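Protein chains in written order, with the working numbering: chain A, 1 to 151; chain B, 1 to 147; chain C, 1 to 185. Only one structure is covered here, and it is reproduced in the block below.
Set out below in structure tokens:
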């Protein structure tokens with residue numbers, strides 16, 4: 001932990017610390033807030049900060065975006081590439097697809113929220129829990145003995 | 001449908017064509033500049049979504065009918081997987097695009113990238129528009145004043 | 001140096017936006033702020049050299065995601081209820097997780113270090129082979145489509161499956177059939 005007091009070290013790791021602060025803000029929304037739409041927004045914040053963390057690993061100091069120069073016959077100009085440093089394109093590829101998959105799964109979650117609203121008439125987690133407890137109590141009153149004990 | 005917002009309706013009419021054109025540029029220029037099937041699919045879907053928001057769901061469904069969206073969903077993945085199966089039939093590995101032009105492998109790679117990016121773009125467009133239709137097709141539960 | 005300053009400023013703005021999202025209870029404002037968050041993160045992706053990712057994030061996060069969240073609010077409720085529990089336990093959980101993650105980063109190489117393990121294995125090989133094998137200027141497209149075509153096929157299938165899932169949950173195909181059965185009965 002004494003490393004955290006070293007200025008040189010801190011300059012190289014400040015990004016990571018801020019990414020973690022962002023991630024934890026997202027996690028806090030997911031854990032603390034009871035509104036389901038807000039939970040999804042929090043999940044998105046968490047997701048995007050993980051993406052930024054992942055992409056930052058591929059960054060090279062003094063590097064540029066991994067798009068090569070072209071010559072006039074539309075081939076890659078390998079001569080012009082010499083001496084140029086490029087950032088690692090592999091994290092970009094993985095995150096690029098992850099963003100689109102992320103929005104597709106997010107929309108699945110939102111669709112589930114819409115169905116929950118139609119069944120329970122609320123999207124608040126604590127309300128849903130209370131309604132479900134009431135339902136269980138009703139069931140126990142009606143069928144508890146026939147089922148051989150309380151549910 | 002928003003009847004009273006004249007400016008929105010005129011601007012949307014101009015924008016939709018431009019957005020579609022930009023989506024096609026991003027789709028087919030993805031080998032040379034930032035872009036590709038995923039981005040182009042999303043941008044293409046945005047064109048239809050903005051049209052649906054301003055002119056109403058019924059009108060956008062006349063332009064891009066729901067059955068067509070549902071077919072496109074699957075068609076994109078089929079184009080992608082079909083490229084792989086074609087290369088297998090030609091005696092190469094699955095998704096080895098050298099099979100598309102055995103004499104000039106780099107040209108085969110270019111064709112392969114173009115085709116599979118097109119497949120990805122078709123699927124993403126279909127999915128995004130289908131999701132928008134599914135959400136917008138339900139009766140809203142809150143009135144305009146509640147926002 | 002200027003890179004680092006830009007990054008830190010952008011990250012601070014992201015943190016402020018995220019904290020504002022925590023505080024807001026009007027969901028319309030929350031959705032708009034999450035759009036702002038996406039655009040800021042797209043800017044950060046540009047400074048991290050990930051132009052393709054920035055492009056996707058700007059189109060998806062600020063465009064589609066905002067539309068979908070707004071349509072969900074239109075179908076549900078516009079205001080968040082105050083939680084009945086205290087925020088203490090979630091706060092402790094978050095602090096402990098954060099401390100564990102910070103401990104994990106202590107062993108990581110510094111930001112942008114060219115000798116980091118992540119930059120010395122397969123990445124440079126892709127960069128060196130793309131001009132020869134594929135001859136496409138955009139290395140990201142080359143890896144996405146050719147070297148890692150299997151991954152992308154899988155991702156396209158996941159997007160397709162999620163779309164089918166949303167259609168099953170929301171499109172009302174099932175309800176129509178129930179209505180028909182009622183008509184017959």
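Cβ atoms here follow ideal geometry from the backbone N, Cα and C, with glycine treated the same way. Being a predicted model, the structure only gives us computed values, none of them experimental.
- Task: May I ask whether a heavy atom of the ligand ATP can be found less than 6 angstroms away from the beta carbon of residue 169 of chain C?
- Result: Judged by which ligands are present, the structure shown has none, so any question about the ligand ATP falls away.
- Taking residue 14 of chain A as the reference, which of C:134, C:100 and C:110 has the closest Cα? The sequence position of residue 14 of chain A within the first chain is 14, counting from 1. For the set C:134, C:100 and C:110, the Cα lying nearest the Cα of residue 14 of chain A is the one of C:110.
- Message: Run through chain A and tell me which residues come within less than 8 angstroms of residue 138 of chain B, C-beta to C-beta.
- Response: For the purposes of this step, residue 138 of chain B is identified with residue 138 of the second chain, where counting begins at 1. Per Cβ cutoff of 8 angstroms: 114.
- Between the segment 43 to 54 of chain B and the segment 101 to 108 of chain B, do at least 3 Cβ pairs fall closer than 8 angstroms? no
- Exposed unless 16 or more other CB atoms sit within 10 angstroms - verdict on residue 53 of chain A: On the first chain, position 53 is the one that residue 53 of chain A refers to. Burial call: buried.
- Does the Cβ of residue 185 of chain C have 16 or more other Cβ atoms within 10 Å, making it buried, or fewer, making it exposed? Stepping through the third chain from its first residue, residue 185 of chain C is reached at position 185. In this prediction, residue 185 of chain C scores a pLDDT of 49, lower than 50, which makes its location untrustworthy; no coordinate-derived value is stated.
- Which chain A residues are close to residue 149 of chain C, counting only those with a beta carbon under 7 angstroms from its beta carbon? Locating residue 149 of chain C in the third chain gives position 149, where the first residue counts as 1. None at all; the shortest Cβ gap to chain A is about 11 angstroms.
- Roughly how many whole angstroms lie between the Cα atoms of residue 1 of chain C and residue 64 of chain A? Locating residue 1 of chain C in the third chain gives position 1, counting from the first residue. Locating residue 64 of chain A in the first chain gives position 64, counting from the first residue. Taking the straight line from one Cα to the other gives about 15 angstroms.
- Would residue 56 of chain C pass as a contact of residue 96 of chain A if the rule is Cβ separation under 7 angstroms? Counted from its first residue, the third chain places residue 56 of chain C at position 56. Counted from its first residue, the first chain places residue 96 of chain A at position 96. Their beta carbons are under 7 angstroms apart, which means residue 56 of chain C touches residue 96 of chain A by this criterion.
- Task: Compute the beta-carbon to beta-carbon distance between residue 45 of chain A and residue 18 of chain C, rounded to the nearest angstrom, for a pair I have assumed lies under 8 angstroms.
- Result: Taking the first chain and counting its residues from 1, one reaches residue 45 of chain A at position 45. Taking the third chain and counting its residues from 1, one reaches residue 18 of chain C at position 18. Going by Cβ atoms, the distance from residue 45 of chain A to residue 18 of chain C rounds to 5 angstroms, so yes, they are a contact pair.
- Assuming residue 76 of chain B and residue 36 of chain B make a contact with CB atoms under 8 angstroms, what is their CB distance in whole Å? Start at 1 with the first residue of the second chain, and residue 76 of chain B comes out as number 76. Start at 1 with the first residue of the second chain, and residue 36 of chain B comes out as number 36. About 13 angstroms separates the two Cβ atoms, so there is no contact after all.
- Message: Any beta carbon of chain B sitting closer than 7 angstroms to that of residue 107 of chain A?
- Response: Translated into the one-based positions of the first chain, residue 107 of chain A becomes position 107. It does; some Cβ of chain B falls within 7 angstroms.
- Message: I'd like the list of long-range same chain contacts for residue 108 of chain B, defined as Cβ closer than 8 angstroms, with 5 residues on each side in sequence excluded.
- Response: Locating residue 108 of chain B in the second chain gives position 108, counting from the first residue. Excluding positions up to five away in sequence, the list reads 97, 98, 99, 100, 101 and 102.
- Task: Report buried or exposed for residue 51 of chain A, applying the criterion of at least 16 other Cβ atoms within 10 angstroms of its Cβ.
- Result: Position 51 of the first chain holds residue 51 of chain A. Answer is buried; the Cβ neighbour count reaches 16.
- Residues, ordered as in the chain, of the segment 40 to 66 of chain C that lie near chain A by beta-carbon distance below 8 angstroms: 41, 44, 45, 48, 49, 50, 51, 52, 53, 56, 57, 60, 61, 64 and 65
- Item | Contacts of residue 137 of chain C in chain B (Cβ-Cβ under 9 angstroms) | Taking the first residue of the third chain as position 1, residue 137 of chain C is located at position 137. Here the neighbours are 31, 32 and 33.
- Uninterrupted alpha helix (DSSP H) stretches inside the segment 142 to 176 of chain C (no shorter than 4 residues): 149 to 170
- Message: Strictly below 8 angstroms CB to CB, what residues from chain C border residue 119 of chain B?
- Response: The count along the second chain starts at 1 and reaches residue 119 of chain B at position 119. What residue 119 of chain B touches in chain C: 156.
- Message: The alpha helix (DSSP H) that contains residue 51 of chain A, what's its start and end?
- Response: The residue you call residue 51 of chain A lines up with position 51 of the first chain. Element bounds for residue 51 of chain A: 36 to 57.
- Starting from the C-beta of residue 30 of chain C, find all residues in its chain whose C-beta is less than 7 angstroms away, skip the five residues before and the five after it, and write them out in chain order. Here the question's residue 30 of chain C lines up with position 30 in the third chain. Here the set comprises 21 and 24.
- Considering only residues of the segment 30 to 83 of chain B, which uninterrupted beta strand (DSSP E) runs meet the minimum length of 3 residues and lie entirely inside it, listed in chain order? Within the segment 30 to 83 of chain B, no run of beta strand (DSSP E) at least 3 residues long lies entirely inside it.
- Message: Cβ closer than 9 angstroms: which chain C residues qualify as neighbours of residue 110 of chain B?
- Response: Locating residue 110 of chain B in the second chain gives position 110, counting from the first residue. The answer, in chain order, is 134, 135 and 136.
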